[in-house]
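Chemist: Structure provided below as structure tokens; questions to follow.
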Amino acid sequence: MTGVLQLGPFLIRTDWLYYGLSLLLGLAIARKLILKKSPEDLRHLESFTSALLIGILLWKVSPIFTEPKILKKPLTLLVYPGTSLGITLAYIGAALYLIYTVWKKEYNWRASLDVYTIVVISSVLIYALTHWQYGLQTTLPWGISISDPAYRYHPINAYQLLLIAPLIWYLFRLPIGQGKIASNGSLGFGVIILCLSLLKPKMSTWLNLSTDQWLAIILIVIGFLVTHVNTFKSNVNKGSCVRK
């Protein structure tokens, strides 16, 4: 179901185009919300934007790792699409940059995580609103068809919207800087991804778990870690007050 859009000599996968546009709109929504709730935390959004550019650059030059001969004609990289390896490198490079920036500039890591969570959740919302996502075949009346109306599939993006809308309503009411948006957002979004993964075909698996399921586990673990760190700090502060 992956289409290709041709712009002169450039070939762009439509799903990647959707990802890019959703992320840009997600950044715009996050900026507006942060400007309203906590303007001083816009610096974290700038760090995220820089990390995004680094990720795009790593993804774009990734073909040289699988086809080193491209180095003889580096300008051909302009028309070469990124690779699956490039996506992994992009995630790793962007994450390392964010970690380094938070450590180097001594940012409040809770505020950073809150801002990053707002961007991701907003982008997912836009993507779900604008792009059909097909799941496993179903006989339910609200199933969507691709070409043959006799076969219907679970509308994953519709389910995602129904589940993520109340999560977003709750998250956007929380203050930025306490890590609550990050912890609740990671836990909630992780559970949503895990539930939806049961209605999607397993395109690739590792230890019998799909990519979506591994992502869900990682998000849930991150959510628990941030929650427990916040709880531990709160208990320490209460203990200090009692001793005083």
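Position 13 (the sequence shown) corresponds to 13 in this note's numbering; numbering is contiguous.
Glycine included, C-beta positions come from ideal geometry on N, C-alpha and C.
1. Looking at C-beta atoms only, is the number of pairs between the stretch 179–194 and the stretch 135–148 that lie closer than 8 Å three or more?
2. So which of Ser145, Ser197 and Pro201 has the shortest CA-CA distance to isoleucine 217?
3. Under 6 Å Cβ to Cβ from alanine 51, same chain only, skipping five residues before and after it: list those, please.
4. Does DSSP put proline 155 in a helix, a strand or coil?
5. If we cut at 8 Å on Cβ distances, does asparagine 157 have a partner in chain C?
6. Check whether the stretch 149–158 touches the stretch 42–62, counting contact only when three or more Cβ pairs, one atom from each stretch, lie closer than 8 Å.
7. Use the C-beta contact count for glutamate 106: other C-beta atoms within 10 angstroms, 16 or more gives buried, fewer gives exposed.
8. Decide yes or no for the touch test of the stretch 118–129 against the stretch 161–173: beta carbon pairs closer than 8 Å, at least 3 of them.
9. From aspartate 41 to valine 115, what distance separates their C-alpha atoms?
10. Helix, strand or coil for tyrosine 249? Go by DSSP, reduced to three states.
11. Beta-carbon separation of isoleucine 126 and leucine 25 under 8 Å?
12. What do you get for arginine 110, buried or exposed, if any count of 16 or more other CB atoms within 10 angstroms of its CB means buried?
13. Give me the Cβ distance between threonine 101 and serine 183, rounded to the nearest whole Å; I'm assuming they're in contact under 8 Å.
14. Run through DSSP, which three-state label would valine 229 get?
15. Identify which residue in Val221, Val229, Leu71 and His131 has its Cα closest to the Cα of glycine 190.
Modeler: Inspection of the coordinates gives the following:
1. no
2. The residue you call residue 217 lines up with position 217 of the sequence shown. When each option's Cα is compared against that of isoleucine 217, the closest is Ser197.
3. Reading the sequence shown from its first residue, position 51 is the one you call residue 51. Cβ within range, chain order: Ala94, Tyr97 and Leu98.
4. Looking up residue 155 in the sequence shown gives position 155. In this structure, proline 155 counts as strand in the three-state DSSP scheme.
5. Annotation note: the requested chain C is absent from the structure, which comprises a single protein chain.
6. no
7. In the sequence shown, residue 106 corresponds to position 106, counting from 1. With fewer than 16 Cβ atoms within 10 Å of its Cβ, glutamate 106 is classed as exposed.
8. yes
9. Numbered from 1 along the sequence shown, position 41 holds the residue referred to as residue 41. Numbered from 1 along the sequence shown, position 115 holds the residue referred to as residue 115. Roughly 8 Å between the two C-alpha positions.
10. With the chain covering 1 to 244 only, the question about residue 249 has no answer from this structure.
11. Counting from 1 along the sequence shown, the entry for residue 126 is found at position 126. Counting from 1 along the sequence shown, the entry for residue 25 is found at position 25. Going by C-beta atoms, isoleucine 126 is nearer than 8 Å to leucine 25.
12. For the purposes of this step, residue 110 is taken as the residue at position 110 of the sequence shown. So arginine 110 ends up on the buried side.
13. If you number the sequence shown from 1, residue 101 lands on position 101. If you number the sequence shown from 1, residue 183 lands on position 183. At roughly 21 Å, the Cβ-Cβ gap does not stay under 8 Å, so threonine 101 and serine 183 are not in contact.
14. The count along the sequence shown starts at 1 and reaches residue 229 at position 229. Of the three classes helix, strand and coil, the one that applies to valine 229 here is helix, per DSSP.
15. Locating residue 190 in the sequence shown gives position 190, where the first residue counts as 1. Per the Cα distances, Val221.
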